[in-house]
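*Asks:* No gaps in the numbering here: position 79 of the sequence shown is 81 in our numbering, and each next residue is one more. The beta-carbon is built from N, C-alpha and C at its ideal position, and this holds for glycine as well. If you scroll down you'll find the structure; I have some questions about it.
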Amino acid sequence: MRRPILSAQFPGPNAARMIAEQERLLSPSSTRDYPLVVESGEGCWITDVDGNQFLDFCAGIAVCTTGHCHPHVVQAITQQSKKLIHMSGTDFYYGPQGEMAQKLEKHIKLTGGLRAFFTNSGTETIEAAIKLARYATRRPHLIAFDGAFHGRSLGALSLTNSKVIQRRGFGPLLPEVSHIPYPGRTGISVEDTFGELEKLFKRRVDPSQVAAIFVEPIQGEGGYLIPPPSFLPRLRQVCDQHGILLVADEVQSGMGRTGKFCAMEHWHVEPDIVCLAKGIASGLPLGAMVARANLMQWPPGSHGSTFGGNPVACAAGVATIELLESGLLEHTAAMGEVLHKALREVMGGAPLVSEVRGLGLMVAIDLPDNATRNVLLHDCFHRGLILLGAGDRSIRLCPPLIVNEEEIHLATEILAASLVEIGQRPAQAA
Ligand code: PLP
Numbered sequence: 003m004r005r006p007i008l009s010a011q012f013p014g015p016n017a018a019r020m021i022a023e024q025e026r027l028l029s030p031s032s033t034r035d036y037p038l039v040v041e042s043g044e045g046c047w048i049t050d051v052d053g054n055q056f057l058d059f060c061a062g063i064a065v066c067t068t069g070h071c072h073p074h075v076v077q078a079i080t081q082q083s084k085k086l087i088h089m090s091g092t093d094f095y096y097g098p099q100g101e102m103a104q105k106l107e108k109h110i111k112l113t114g115g116l117r118a119f120f121t122n123s124g125t126e127t128i129e130a131a132i133k134l135a136r137y138a139t140r141r142p143h144l145i146a147f148d149g150a151f152h153g154r155s156l157g158a159l160s161l162t163n164s165k166v167i168q169r170r171g172f173g174p175l176l177p178e179v180s181h182i183p184y185p186g187r188t189g190i191s192v193e194d195t196f197g198e199l200e201k202l203f204k205r206r207v208d209p210s211q212v213a214a215i216f217v218e219p220i221q222g223e224g225g226y227l228i229p230p231p232s233f234l235p236r237l238r239q240v241c242d243q244h245g246i247l248l249v250a251d252e253v254q255s256g257m258g259r260t261g262k263f264c265a266m267e268h269w270h271v272e273p274d275i276v277c278l279a280k281g282i283a284s285g286l287p288l289g290a291m292v293a294r295a296n297l298m299q300w301p302p303g304s305h306g307s308t309f310g311g312n313p314v315a316c317a318a319g320v321a322t323i324e325l326l327e328s329g330l331l332e333h334t335a336a337m338g339e340v341l342h343k344a345l346r347e348v349m350g351g352a353p354l355v356s357e358v359r360g361l362g363l364m365v366a367i368d369l370p371d372n373a374t375r376n377v378l379l380h381d382c383f384h385r386g387l388i389l390l391g392a393g394d395r396s397i398r399l400c401p402p403l404i405v406n407e408e409e410i411h412l413a414t415e416i417l418a419a420s421l422v423e424i425g426q427r428p429a430q431a432a
């Protein structure tokens, strides 16, 4: 069985040199949780520039859906890049953008059919959704949730409400944005959420002025929070009652990550607009804003993007969906169960873990506080397991969807060993 390989001097000399060079030149706004300099990736494994090998349970932040450099995706990229790399999809027609739209049409069921607008990232997808929602309704106001993360460009950032560092110093942001509590958070019930919404409608914003409510069906950056079952159906009802559009931000939860193509399917709720990015093309930059066809009625020139829907990115997207269609979706659901069970076993022997939650391979565990969480992330890294934090005190596990049982057991074994060691340290060291 493959295991992480870490040399005695770690991080190694190449990593140390490259980090020093890059720290001088790259924007200091990036967060670097640990000193990892990646050379290559294959499946769920990555190798750093000194030959150390890690098991990757973060997948480039839930992006490498099909694992690093899946041969089917590499082949699609190679073939397409030999034919056409760029043409600009908002000005010209070419094959892959249309093929990708057909794939999305097959998997996202919106009443009356759909239309897609392709972008290069999650935040651009949200920008496109904000613009379409306002354009289609001719209403100004937008509602999002406490703890939400929708991106960092100024429109999306106005909806983001996760960490103050993400907003501080960048104002003024969009006016006409309100936030209400998200019911997956500790102590927030569905009644609280809709109570706040009612108050908002009574005191501050007439619902007839609200274009859209943006919701992550599972809050991602906020901590992989799963809302109670009645939340999303009730949100749909409120939107219908007031002619408000429901925008599902599936940038992190979509593309099969939860064992369904889109997470909204778990609640049988149909949104008006779906936002996709991250895992859509197994690592190539691509996003899609998908809307009901009768909603996406904006004239030529009203929105566009030079790179959006790039032929190579779309070819990678089509190849990604082909893999989801040929068993990867079912595999994700099955591996999700294996991971949940294994983590519950870990939790049994580790009092530091207070909760395991998730759907499919979008899974989180909760630690007592932010400091303990960060120590655990570091400790696991030094044992060869790549993980990422989410929210204040959670760790997210979002491995490539091709992960196998052996890799899941290896990851949970490393996590368990790390938890035992941290649990034994004096409190201030944890
Ligand atoms: N929406 C959600 C739910 C996300 O998780 C993210 C990124 O983490 C974004 C939007 C923004 O995506 P990007 O970083 O590609 O702009």
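Whose C-alpha, out of 393, 142 and 293, is nearest the C-alpha of residue 188?
*Replies:* It is 393.
*Asks:* For residue 289, report the span of its beta strand (DSSP E) as first-last.
*Replies:* From DSSP, the beta strand (DSSP E) with residue 289 extends over 289 to 294.
*Asks:* If you draw a straight line from the C-alpha of residue 291 to the C-alpha of residue 406, how long is it?
*Replies:* Their Cα atoms are separated by approximately 31 angstroms.
*Asks:* Taking the C-alpha atoms as reference points, what is the distance between residue 312 and residue 302?
*Replies:* Using only the alpha carbons, I get a separation of about 19 angstroms.
*Asks:* Just the Cα atoms here: how many angstroms apart are residue 196 and residue 219?
*Replies:* Distance between the alpha carbons of residue 196 and residue 219 is about 16 angstroms.
*Asks:* Given 7 angstroms as the limit, tell me if residue 334 has its C-beta closer than that to any heavy atom belonging to the ligand PLP.
*Replies:* Residue 334 Cβ: outside cutoff for every heavy atom of the ligand PLP.
*Asks:* Where do the N-terminal and C-terminal ends of the alpha helix (DSSP H) with residue 241 fall, by residue?
*Replies:* Counting along the chain, the alpha helix (DSSP H) containing residue 241 begins and ends at 233 to 244.
*Asks:* Is it buried or exposed for residue 263, if we count other Cβ within 10 angstroms and need 16 for buried?
*Replies:* Buried, because 16 or more other Cβ atoms sit within 10 Å of the Cβ of residue 263.
*Asks:* Any heavy atom of the ligand PLP closer than 7 angstroms to the CB of residue 436?
*Replies:* Residue 436 lies beyond the residue range present for the chain, which begins at 3 and ends at 432; the question has no answer from this structure.
*Asks:* From which residue to which residue does the beta strand (DSSP E) around residue 367 run?
*Replies:* Element bounds for residue 367: 364 to 368.
*Asks:* For the alpha helix (DSSP H) that residue 346 lies in, which residues bound it at each end?
*Replies:* Unbroken alpha helix (DSSP H) run through residue 346: 331 to 350.
*Asks:* Let me make sure I understand the geometry here. Which of 72, 12 and 55 has the alpha-carbon closest to that of residue 386?
*Replies:* For residue 386, the nearest C-alpha among the options comes from 55.
*Asks:* Exposed or buried, what is residue 184 when buried is set at 16 or more other beta-carbons lying within 10 Å of its beta-carbon?
*Replies:* Residue 184 should be labelled buried.
*Asks:* How big is the Cα-Cα spacing for residue 71 and residue 285?
*Replies:* The straight-line gap from Cα to Cα measures roughly 9 angstroms.
*Asks:* Out of 48, 293, 381 and 340, which one is the CA nearest neighbour of residue 247?
*Replies:* Among 48, 293, 381 and 340, the Cα nearest to that of residue 247 is on 293.
*Asks:* Whose C-alpha, out of 132, 63 and 229, is nearest the C-alpha of residue 178?
*Replies:* Selected option, being the one with the closest Cα: 132.
*Asks:* Put residue 75 into one of helix, strand or coil per three-state DSSP.
*Replies:* Helix, per DSSP.
*Asks:* Drop a sphere of 10 angstroms on the beta-carbon of residue 32, count the other beta-carbons inside from all chains shown, and report buried for 16 or more, exposed for fewer.
*Replies:* Burial call: exposed.
*Asks:* Which ranges would you report for the beta strand (DSSP E) in the region 181 to 212 if only whole runs of at least 3 residues count?
*Replies:* Runs found: none.
*Asks:* Determine the closest residue to residue 93 out of 307, 116 and 397, with distance taken between C-alpha atoms.
*Replies:* When only C-alpha atoms are compared, the closest one is 307.
*Asks:* Rounded C-beta distance between residue 348 and residue 417? I'm assuming under 8 angstroms.
*Replies:* At roughly 6 angstroms, the Cβ-Cβ gap stays under 8 angstroms, so residue 348 and residue 417 are in contact.
*Asks:* Pull up the distance between the alpha-carbon of residue 25 and that of residue 271, whole angstroms please.
*Replies:* Their backbone Cα atoms lie some 45 angstroms apart in a straight line.
*Asks:* Tell me whether residue 251 sits in a helix, a strand or coil according to DSSP, three-state version.
*Replies:* Of the three classes helix, strand and coil, the one that applies to residue 251 here is strand, per DSSP.
*Asks:* Under a Cβ-count criterion, where at least 16 other Cβ atoms within 10 Å of its own Cβ denotes burial, should residue 163 be classed as buried or exposed?
*Replies:* Classification for residue 163: buried.
*Asks:* Starting from the N-terminal side, write out each stretch of the alpha helix (DSSP H) that is 4 residues or longer and does not extend beyond the region 99 to 142.
*Replies:* 124 to 139, all fully within the region 99 to 142.
*Asks:* State buried or exposed for residue 10, treating a residue as buried only when at least 16 other CB atoms are found within 10 Å of its CB.
*Replies:* That one is exposed.
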